[in-house]
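Position in the sequence shown counted from 1, then plus 122, gives you my numbering.
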Amino acid sequence: MGENPHCRHTGNSWTRTVSFPRSSGILLHPTSLPGPFGIGDLGPVAYEFADFLADSGQSIWQMLPLGPTGYGDSPYQCFSAFAGNPALISLSRLADEGLLDARDIDALPEFSREQVEYERVNQFKQGKLSKAFAEFRSGAPQHRQQEFAQFVEAERDWLADYALFRALKDKVGGVAWPKWDPELVSRKPAAVQRARKELALQIGEQEFLQFVFFEQWNSLKEYCGQKRIHMMGDLPIYVAHDSADVWAQPEYFHLDSHGGPTKVAGVPPDYFSATGQLWGNPIYHWERMAADEYSWWIKRFRAAFSMFDMLRVDHFRGFEAYWEVPAGERTAQNGKWVKGPGAELFAVLEAKLECLPILAENLGVITPEVEAIRERFGFPGMAILQFAFGNDPQGPSFRPHNYPRNLVAYTGTHDNDTVIGWWTSKPGEGSIRTEEDIRKERQFTRTYLGYDDTGISEPINWVFIRSLMASVADTVVFPLQDVLGEGAQARMNVPGTATGNWRWRFRGERLTEDIASRLRKIASIYDRLS
123 MGENPHCRHT GNSWTRTVSF PRSSGILLHP TSLPGPFGIG DLGPVAYEFA DFLADSGQSI
183 WQMLPLGPTG YGDSPYQCFS AFAGNPALIS LSRLADEGLL DARDIDALPE FSREQVEYER
243 VNQFKQGKLS KAFAEFRSGA PQHRQQEFAQ FVEAERDWLA DYALFRALKD KVGGVAWPKW
303 DPELVSRKPA AVQRARKELA LQIGEQEFLQ FVFFEQWNSL KEYCGQKRIH MMGDLPIYVA
363 HDSADVWAQP EYFHLDSHGG PTKVAGVPPD YFSATGQLWG NPIYHWERMA ADEYSWWIKR
423 FRAAFSMFDM LRVDHFRGFE AYWEVPAGER TAQNGKWVKG PGAELFAVLE AKLECLPILA
483 ENLGVITPEV EAIRERFGFP GMAILQFAFG NDPQGPSFRP HNYPRNLVAY TGTHDNDTVI
543 GWWTSKPGEG SIRTEEDIRK ERQFTRTYLG YDDTGISEPI NWVFIRSLMA SVADTVVFPL
603 QDVLGEGAQA RMNVPGTATG NWRWRFRGER LTEDIASRLR KIASIYDRLS
């Protein structure tokens, strides 16, 4: 592994602490970028956003998982833990390469500028991507064909199964893999070999899409590096049941003889949801993973660190103990806590990868055992300012005067309402707070922050931003929605709901020079300029 800019090398060892200086950044998933193609992508608009970050004095671009989305369009339910999302491929850049012509990117359907209409967008982009693949096969210069072949060979460990999985899934109209032909469900060698031969063209297209995705991603990452912008990724603890990962290596999961999960993941009732969150992901067979020296996890983290400078590990507490729910339950209420691999896994990862620039998402039911693992490896934790003023059990630790330096503090995350939406919310709108809870929360917020909402002081979203900038936390991050002062309509996700999420987009004209100047000024005052 090459030297990561956020790990300090001293003698023969790496420091375990992620080495960000005082810095700040913005959380924005690429799907939310503006542009004419119905969804944000890795093309010119992504570079323009990087310019905005640099102009506003921000040095971190955090995003959600970049995998190919499946159920509910959620980036946390992907068809692969290793692949990139073809929907993020820039058609403009394909046209620049001569794989699409002008009318492919000029004569466009009328897409919403405020939301991603996934069904329409996916259908439109798939047609263009297939056309680009056909053009590549028939007319790409020899050196490009060689680069493609080299990519396929280098990534074969995950790409071969993923490409076959997607080709098979497309062939049967998207049906989940446990409902395929039984010989393919159980991966009988003869059936798999036959499918590879019959679907060779479709497999080639899936490989091509990954080749293009990673080329475009690496180009954007290099540009951001030149701008001194660090990329922070998001690694979900679990993978989707309907994924190449589970289909290709079922022995690593608790499944029945037909491929269905026997135990699924979730979290117990909390601030977000009165019935908990039933994620539905299959539970890992940790004993088998340990017997294999966690080789799958080593590959997964190595791949993620090749893409990002730093990783937020979602649901970090699940490595110490996880909430296990019997398959078939309608909510997460009837689950139980089960011990996970604990520090053993991260000791193996540290030994193999040397440097682990990890941010541990330590929200929810956090025990001393969870914090002991995080502190042993020096991983910074998280604080959410929205949770500082109400009934959340962790509330006091989320108040800036209690922050340690080794922390990443947020106004909110993708699972929160926007600050404006939170401030103006009513009972029953995305949380379990009562009217009295909300009244007390707002009053304490005013008192703690010295906030006057009669119109005299700055808006509450900027009060939140300024409060975090002034804190001792080494790193602070704001969802772009909070920088723009967006209301509840811009919320990215409501935990516990399966549809209508992950759709928000912003208009490019909203990123004004005034906002960039305001952010840069605050970052400068509180010594967060890179």
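For glycine and all other residues, C-beta sits at the position ideal for the given N, C-alpha and C.
Is it buried or exposed, residue i, if we count other Cβ atoms within 10 angstroms and call 16 or more buried?
| i | result |
| --- | --- |
| residue 613 | buried |
| residue 82 | Here the chain has residues from 123 to 652 only, and residue 82 is not among them. |
| residue 243 | buried |
| residue 459 | exposed |
| residue 197 | buried |
| residue 323 | exposed |
| residue 575 | exposed |
| residue 152 | buried |
| residue 473 | exposed |
| residue 424 | exposed |
| residue 579 | exposed |
| residue 645 | buried |
| residue 291 | buried |
| residue 312 | exposed |
| residue 538 | buried |
| residue 523 | exposed |
| residue 502 | buried |
Looking at the structure shown, is residue i part of a helix, part of a strand, or coil, going by DSSP?
| i | result |
| --- | --- |
| residue 170 | helix |
| residue 300 | helix |
| residue 591 | helix |
| residue 642 | helix |
| residue 185 | coil |
| residue 597 | strand |
| residue 198 | coil |
| residue 132 | Any reading at residue 132 must be qualified, since the residue scores a pLDDT of 42, below 50, and its modelled position is unreliable; the value itself is stated next. Residue 132: strand per DSSP, three-state reduction. |
| residue 614 | coil |
| residue 137 | Confidence at residue 137 is low in this model, with a pLDDT of 43, below 50, so its placement is unreliable and the value that follows should be read with caution. Coil at residue 137, not helix or strand. |
| residue 460 | strand |
| residue 114 | With the chain running from 123 to 652 in the structure shown, residue 114 is simply not present. |
| residue 624 | coil |
| residue 147 | strand |
| residue 581 | coil |
| residue 666 | Because the chain is modelled from 123 through 652, residue 666 falls outside the range shown and cannot be assessed. |
| residue 284 | helix |
| residue 500 | coil |
| residue 529 | strand |
| residue 278 | helix |
| residue 290 | helix |
| residue 256 | helix |
Quick check: the Cα distance between residue i and residue j, rounded to an integer number of angstroms?
| i | j | result |
| --- | --- | --- |
| residue 526 | residue 633 | 32 Å |
| residue 448 | residue 171 | 44 Å |
| residue 491 | residue 467 | 15 Å |
| residue 564 | residue 545 | 7 Å |
| residue 132 | residue 475 | Bear in mind that the predicted position of residue 132 carries a pLDDT of just 42, short of 50, making it unreliable; the figure below should be weighed with that in mind. Roughly 16 Å between the two C-alpha positions. |
| residue 370 | residue 330 | 20 Å |
| residue 150 | residue 607 | 14 Å |
| residue 208 | residue 495 | 36 Å |
| residue 549 | residue 187 | 31 Å |
| residue 395 | residue 365 | 27 Å |
| residue 372 | residue 422 | 16 Å |
| residue 641 | residue 179 | 7 Å |
| residue 235 | residue 156 | 7 Å |
| residue 647 | residue 596 | 15 Å |
| residue 487 | residue 218 | 49 Å |
| residue 554 | residue 566 | 18 Å |
| residue 627 | residue 349 | 24 Å |
| residue 611 | residue 561 | 22 Å |
| residue 336 | residue 206 | 7 Å |
| residue 333 | residue 280 | 13 Å |
| residue 379 | residue 283 | 20 Å |
| residue 158 | residue 623 | 21 Å |
| residue 200 | residue 298 | 13 Å |
| residue 531 | residue 481 | 11 Å |
| residue 604 | residue 534 | 8 Å |
Looking at the C-beta of residue i, does it have a partner C-beta in chain C at a distance below 8 Å?
| i | result |
| --- | --- |
| residue 209 | The displayed structure is made up of one protein chain only, and chain C is not part of it. |
Examine the ligand ADP and report whether any of its heavy atoms sits within less than 7 Å of the Cβ of residue i.
| i | result |
| --- | --- |
| residue 595 | With respect to small molecules bound, the structure shown includes none, and the ligand ADP cannot be examined in it. |
Runs of alpha helix (DSSP H) lying entirely within the stretch 464 to 496, each at least 4 residues, in chain order: Correct list: 465 to 475.
Beta strand (DSSP E) runs contained entirely in the stretch 300 to 366, provided each spans 3 or more residues: If only complete runs of 3 or more residues are kept, the stretch 300 to 366 shows the beta strand (DSSP E) at 352 to 357, in order along the chain.
Just list the alpha helix (DSSP H) runs in the stretch 376 to 419, keeping only unbroken ones of 4 residues or longer that don't cross its boundaries, in chain order. Complete alpha helix (DSSP H) runs here, min 4: 408 to 413.
I'd like to know if the stretch 380 to 389 and the stretch 185 to 201 are in contact, where contact means that at least 3 CB-CB pairs between them fall below 8 Å. Judged by pairs of C-beta atoms under 8 Å, the stretch 380 to 389 does not touch the stretch 185 to 201, as fewer than three such pairs exist.
Please confirm if the stretch 156 to 163 is in contact with the stretch 313 to 328, defined as three or more CB-CB distances below 8 Å between the two stretches. Using a C-beta cut-off of 8 Å, the stretch 156 to 163 makes no contact with the stretch 313 to 328, since fewer than three inter-stretch Cβ pairs fall below that distance.
Check whether the stretch 304 to 320 touches the stretch 251 to 268, counting contact only when three or more Cβ pairs, one atom from each stretch, lie closer than 8 Å. By the criterion of at least three beta-carbon pairs nearer than 8 Å, the stretch 304 to 320 is not in contact with the stretch 251 to 268.
Mind listing, in chain order, the continuous beta strand (DSSP E) runs of no fewer than 3 residues lying wholly within the stretch 192 to 242? List check, beta strand (DSSP E) in window: nothing returned.
How about the stretch 613 to 630 and the stretch 586 to 594: do they share at least three Cβ pairs that are nearer than 8 Å? Verdict: no, contact absent.
For the stretch 435 to 442 against the stretch 346 to 362, do three or more pairs of beta-carbon atoms, one drawn from each stretch, fall closer than 8 Å, so that the two count as touching? The stretch 435 to 442 and the stretch 346 to 362 touch, with no fewer than 3 CB-CB distances between them shorter than 8 Å.
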